[in-house]
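All remarks here apply to the structure that follows.
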Ligand SMILES: Nc1nc2c(c(=O)[nH]1)N[C@H]1C(S)=C(S)[C@@H](COP(=O)(O)OP(=O)(O)OC[C@H]3O[C@@H](n4cnc5c(=O)[nH]c(N)nc54)[C@H](O)[C@@H]3O)O[C@H]1N2
Ligand SMILES: Nc1nc2c(c(=O)[nH]1)N[C@H]1C(S)=C(S)[C@@H](COP(=O)(O)OP(=O)(O)OC[C@H]3O[C@@H](n4cnc5c(=O)[nH]c(N)nc54)[C@H](O)[C@@H]3O)O[C@H]1N2
Ligand code: SF4
Ligand code: SF4
Ligand code: SF4
Ligand code: SF4
Ligand code: SF4
Ligand SMILES: [Mo]
């Protein structure tokens, strides 16, 4: 989550679920928490019992809304306007937490003179380059450091958002000009004020379809429940993250929470609810192409030949905070991976690490498959034929492979598409003509193996094997251990330099009594030094004497104890429950908790006391997210860098300047401030700017990826409705773990669409009947659920109907229940920071009855495309209107 | 008290479960009544010297008993576990009571009937005492089934619990007498004719009265399948009663009356059964009366 | 304090009566209870039926659904919702509501199912609960129409375990023996299902109603906690936010066997009538 990274320094939820009970107001927006995080939701209920106000902002009335005090129906894809409206409310009413904002945020910092805001450039920030559809971010920087050589901060051109999972983006914090009065027109607070001045309640109503009164109620609630005595928490999940402007949604809440002084304080913060059991873990120790463990970036071809090149791209040598020790983190990682071979002469192991040369993300890879650039593909715990956007593209792509390995619990659609997928029915694919050889390897499930999950609040929890895996089922760890050993054996004698990495990698983990290596791997992740196991990343050295497989997890095996396996019951400890599992970093539950005290180290109020300075140490129920013995009055020496440069009132210890970022001078490729753009496909024009969509989003101009016209473009009215996709409690994601289980399948046996009664009437849809939903990609059918939980919205003077589509079903022959897949409707348009697909919103048509079968389906979709006049260029223009060059 | 103009339910779903019973059960009710009535007639015939009617009565009782028993067992989820009913005697369970009543009745009715069969002549001496015992228990056989139905939450059965026993004994008498009108020599069927008419009249009267006391659950006796059964039942029973008045004057009329009464009884059983099922399926019959009850209580 | 049905059933020195207080005001409709019950008790699936009753596709309690979560969508005004009628007829509601409630066997103090069972398969446990012994039940089905809540049913389904036998919640009799919380309550994330000693639960429930009334939820009311009601109070009682019938519960349930003595009297009278009639017809001439 680069957004949280860019705002606060780390890309993880800033707080923990139990802390919700301390909230006075909980805003759940872009998350259906009760349905998708039902166990965590108990803390919302607890807060409610204590009198908290719960607000749910969601296109649909869900099980979360049912328990909320207020549900605000919103048009999918319009949240930035809503959040901007709140920022405007706070600023124009002087409702921000002045003391907090001055001390802990970058509100007083001045921005460069040449920075131009989207308000000035009709939806673009300064630095936009039309040819590459990207920003030169130089003008976004703080005033003061501008004389520096352009790339000292490493972020000219395109700073990469991915890297900020732990540790904010690089900047040089020396000589930043500030205005403590916050009156200077170029100080962040004033920039912010101007930027959001037009985000009035009326605009919110016009863009989001939220009545002015409902919006005011939300503003008043969050303002009244913030400040010294009260705190508000913001909760989001993938209702926010799967947009072409996703990262800026989250930035919107970050700005609000900083202005209201809710960060680092009990009952405050931003709770980013993560996805499946270890999705947080899968970015900490990533499955992403562009990250190494602990959010160290993958080295890039050409840019990062040497260790010093690489390091310069991670941190500014002058910057503050713990990211300053990135060399120790990286070198320790390389020691863990390559052991003795990681020395200065191999660039501390960097020489063994492959370089990336562009976007190698999952969607790019699928397009490469279509172009026959990919030979083989491993699918491990993923069902892209159903779960990934543009399911058709996924299947068509996989049908180009030479081989495909699917390791899964069940015979999922991604393993059977070649015989029973929708394209077989339409005749687009013929089984006998698909060259792909598919290998299915049965996987052991989580109860059949030991290991950790890292869940939504950065908490590592060890699970013990409960039963032996049946038959040939094997754990991932075992599979890769054996595979690695086989590869090492095969290349042992190779003289080819490219095989040196395989030869160098250490791949010999000790088996425990149960024959598993998980414990040994966890020890390595936690790290060793000359004196044995280290106690945390402060022990890691840049001299090759220490090894740690993931620096942020360092300490999970401190004192020789598997800290993640601790299970002291809640009743036997205080509410923070520090002895249950282990949270990164350093078992801190609430991040930036130095900010729970005022600049002098005293609690902001008795009611909201958490961490405080006792004269010698920071004390409180949590581990302080700060230098333990650094007094509030501490002022760093001139010229100090890294942790030593943190002042006693710099609570954002991973940030290059120690502050929370209202304005992001670096780190995000699509703007320093969230600004409203329409989704890639939208039935309405952007009411704020002539720039329609995110001008930096990733688009794919190919015939397989037709996009629809938007707003007042001709043909847009062929797809007049907005649809959104989501989960149901009863199913799990692409269904591999629920549609094969009768107990879950019977609870939601069929794919359905949710429509409002008015919409049903308009289109002649009958409750319990069938509907066909059409986009430029395909048409799918669903049973109709007419419900008042979906409400028509008044947007820009028209009625906008939204269609709700749970995305759990897929076409196949092996599951207990199957159905058309919502993801087949989607095209590809990605956010430019993390390459996430816009799967939460697009436009469509809906009509009564079942869809045509076979080739007739293709004809129907073709008819729609031609009616809308869709070409390969439609909807792919990023700069939507010519304007005067900035 | 104003009855509520509308009522609320959960998607129109039943509040109660309709019994899982199939046609076996109304068949059982009918045959049980027929057996009971037949035993009574047979015993009377025996004591008053009407050998023809005695014989057909005893055999009819046995046949009906066998049939009813078969229907009862067939309706069980686990027929082989029928005997579990004999392991307990529970006064709170009409089915348990009924089982014991039947157990008391069956062997005597069977012994009485067996003596009428070639090959079992040696049992003949036991015919009269057995027949009398069977006849003494028979009224209970005929009436307990009303409690069986009444002792449920099924609105149309429970609300009918005051009249249902009379309806059922009337129906049993009419059916058994009707059978005699069909099978026995006209010379012997005087009592049967009287019983037929009396039974039919009781059946019709009890039903009439029951409908008045059941509240809205009575609607189920008029509507749908149950309504059709009940209308047919009334028509047949009334026809049977009228024809029965002249039964002794004409073999044809006698048979006609008998058949009509048998049919009427059968239809009554199915009608009452179906009405109950329907009353359980439609939440209106559960909710509205209970609401009224609450309102009356204040 | 109520009579302890376990004592009435002849248990000597039974443990305190156990039961459920289901606080529907905090139910999030996650159905964890439904699934946990099936997992623990190895209850088979109940068929893949899309009912379109909001998110409820189980429909009702039955032989293969011992826990059932109900979903009630209440529009602020009647917009002609597909299948619900507008509940809580009196007064106007300003807000859309989505009520959820997990239903289960009530373990009645006076349990009709148990009363009418002819085999003794249904019995009262030492915990005051009502349990079917699947090895005794012969599937006569009598308990089914007897239950005033439509809970118990015969299990249907070709070849499924215990097909044809009456089945319902056992209040996890096996778990209670081992001092464990029933599976459904254990799985409930919001403590909507609270398990414990019935007397204590009643106190807790009363407090909760008071709290909700204070918090501006005047509709909150208890259902089945009153030992003087038609079934002597429920072992599993509820906090509801609307009339019982909105949730598919009978507003004034009565144990059918309450009228049994009268029924026997009437049946005796009818039997006597028949006997008298039979004698009479033979006595009256030819
Ligand atoms: N039962 C269950 N639990 C799960 C999962 C599951 O599949 N089933 N999946 C897990 C995973 S992998 C994840 S990532 C999480 C996801 O957890 P959530 O993000 O809570 O899940 P979703 O249902 O995808 O989306 C949440 C809500 O976003 C709303 N939404 C859509 N577009 C917008 C928008 O533009 N603005 C706003 N404000 N809201 C919008 C949708 O209506 C939906 O209610 O859940 C996890 N938990
Ligand atoms: N339209 C739309 N699309 C979406 C989303 C959305 O909200 N809307 N959400 C997105 C999100 S957040 C996510 S996380 C994805 C999920 O999409 P996928 O990850 O493609 O879908 P899953 O069904 O979670 O696939 C996980 C598979 O892993 C298998 N599995 C479970 N445990 C193991 C194991 O230990 N080893 C192995 N080898 N396999 C295992 C399961 O059986 C299952 O088939 O969907 C994304 N797609
Ligand atoms: S499925 Fe697992 S992770 Fe998700 S809420 Fe339930 S217990 Fe928590
Ligand atoms: S609710 Fe029904 S099944 Fe449960 S104990 Fe009461 S009568 Fe028996
Ligand atoms: S079905 Fe089983 S439990 Fe129910 S009454 Fe009959 S024997 Fe008893
Ligand atoms: S108590 Fe046990 S048997 Fe009853 S519903 Fe809960 S889990 Fe099922
Ligand atoms: S587990 Fe609890 S919250 Fe979930 S549906 Fe059942 S009662 Fe409701
Ligand atoms: Mo996810």
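Protein chains in written order, with my numbering: chain W, 1 to 886; chain G, 1001 to 1298; chain P, 2001 to 2286. C-beta: ideal position from N, C-alpha, C; glycine also. Note that this is a predicted model, so its numbers are computed, not measured.
query, result
"At 7 Å on the CB atoms, spell out the chain G contacts of residue 2267 of chain P, in chain order.", "1143, 1144, 1146, 1147, 1165"
"If residue 463 of chain W and residue 446 of chain W are in contact, beta carbons under 8 Å, what's the gap, nearest whole angstrom?", "6 Å"
"With a threshold of 8 Å, are at least 3 pairs of Cβ atoms found where one atom belongs to the stretch 609–627 of chain W and the other to the stretch 556–568 of chain W?", "no"
"Within 6 Å: the Cβ of residue 2116 of chain P and any heavy atom of ligand 4?", "no"
"Using a Cβ-Cβ distance under 7 Å, would residue 1153 of chain G count as near chain P?", "yes"
"Identify which residue in P/2213, P/2020, P/2011 has its Cα closest to the Cα of residue 2195 of chain P.", "P/2020"
"Would you say residue 2130 of chain P touches ligand 4, meaning its beta carbon is less than 6 Å from a heavy atom?", "yes"
"Using a threshold of 6 Å, is the CB atom of residue 2190 of chain P nearer than that to any non-hydrogen atom of ligand 7?", "yes"
"Using only CA atoms, which one of G/1120, G/1094, G/1206, G/1256 lies nearest to residue 1165 of chain G?", "G/1206"
"Rounded to a whole number of angstroms, what is the C-alpha to C-alpha distance between residue 2067 of chain P and residue 859 of chain W?", "47 Å"
"For residue 553 of chain W, tell me which candidate among W/364, W/332, W/421 has the shortest Cα-Cα distance.", "W/332"
"Less than 8 Å between the CB atoms is what I'm expecting for residue 2344 of chain P and residue 2112 of chain P, so what's the real figure, rounded?", "An answer regarding residue 2344 of chain P cannot be provided, because it is not within the stretch 2001 to 2286 covered by chain P."
"Would the beta-carbon of residue 2119 of chain P be found less than 6 Å away from any heavy atom of ligand 5?", "yes"
"Figure out for me which residue from G/1132, G/1139, G/1091 has the closest Cα to the Cα of residue 2118 of chain P.", "G/1091"
"Along chain G, in chain order, which residues have C-beta atoms closer than 7 Å to that of residue 2247 of chain P?", "1010"
"Cutting at 7 Å between CB atoms, please list the residues of its own chain near residue 427 of chain W, excluding the five before and the five after it.", "854, 855"
"I think residue 696 of chain W touches residue 878 of chain W, with their Cβ atoms under 8 Å apart; what is that distance to the nearest whole Å?", "7 Å"
"Given that a residue counts as buried once 16 or more other Cβ atoms are within 10 Å of its Cβ, and exposed if not, what is residue 2090 of chain P?", "Model confidence at residue 2090 of chain P stands at a pLDDT of 30, short of 50, so the residue's coordinates are unreliable; what they give is reported in the following sentence. It counts as exposed."
"Identify every run of the alpha helix (DSSP H) within the stretch 510–561 of chain W, keeping only runs that are complete inside it and at least 4 residues long; order them along the chain.", "518–526"
"Is the separation between the beta-carbon of residue 1134 of chain G and that of residue 1109 of chain G shorter than 7 Å?", "yes"
"Under three-state DSSP, which class holds residue 458 of chain W?", "coil"
"Across the stretch 753–769 of chain W and the stretch 840–851 of chain W, are there enough close Cβ pairs to call them in contact, namely three or more that are closer than 8 Å?", "yes"
"Consult DSSP for residue 2092 of chain P and reduce its assignment to one of helix, strand or coil.", "With a pLDDT of 32 at residue 2092 of chain P, under the threshold of 50, the modelled position of this residue cannot be trusted, and the question is left open."
"Whose C-alpha, out of W/469, W/372, W/568, W/457, is nearest the C-alpha of residue 450 of chain W?", "W/469"
"Assign residue 514 of chain W to one of two classes, buried (16 or more other C-beta atoms within 10 Å of its C-beta) or exposed (fewer than that).", "exposed"
"Give me the subset of the stretch 2100–2134 of chain P whose CB atoms are less than 8 Å from a CB atom of chain G, sorted by chain position.", "2112, 2115, 2116, 2117, 2118, 2119, 2120, 2121"
"Is there at least one Cβ from chain P nearer than 7 Å to residue 1158 of chain G's Cβ?", "yes"
"Using 8 Å for Cβ pairs, my map puts residue 186 of chain W next to residue 778 of chain W. What's the rounded Cβ distance?", "Going by Cβ atoms, the distance from residue 186 of chain W to residue 778 of chain W rounds to 50 Å, so no, they are not a contact pair."
"Pull up the distance between the alpha-carbon of residue 1238 of chain G and that of residue 1265 of chain G, whole angstroms please.", "11 Å"
"According to DSSP, what are the bridge partners of residue 784 of chain W?", "W/753"
"Chain G partners of residue 2072 of chain P, CB-CB under 8 Å?", "1010"
"Using DSSP with H/G/I as helix, E/B as strand and the rest coil, what is residue 877 of chain W?", "coil"
"Let me check understanding here. Comparing Cα to Cα, which of W/500, W/235, W/565, W/379 lies closest to residue 465 of chain W?", "W/565"
"Opposite residue 930 of chain W in the DSSP bridges: which residues?", "Chain W is shown only over 1 to 886; residue 930 of chain W falls outside these bounds and no answer can be derived."
"In chain P, what lies closer than 7 Å to residue 1150 of chain G by C-beta?", "2263"
"Got a sec: does ligand 8 put a non-hydrogen atom nearer than 6 Å to the Cβ of residue 1952 of chain P?", "In the structure as shown, chain P starts at 2001 and stops at 2286, and residue 1952 of chain P therefore has no counterpart that could be examined."
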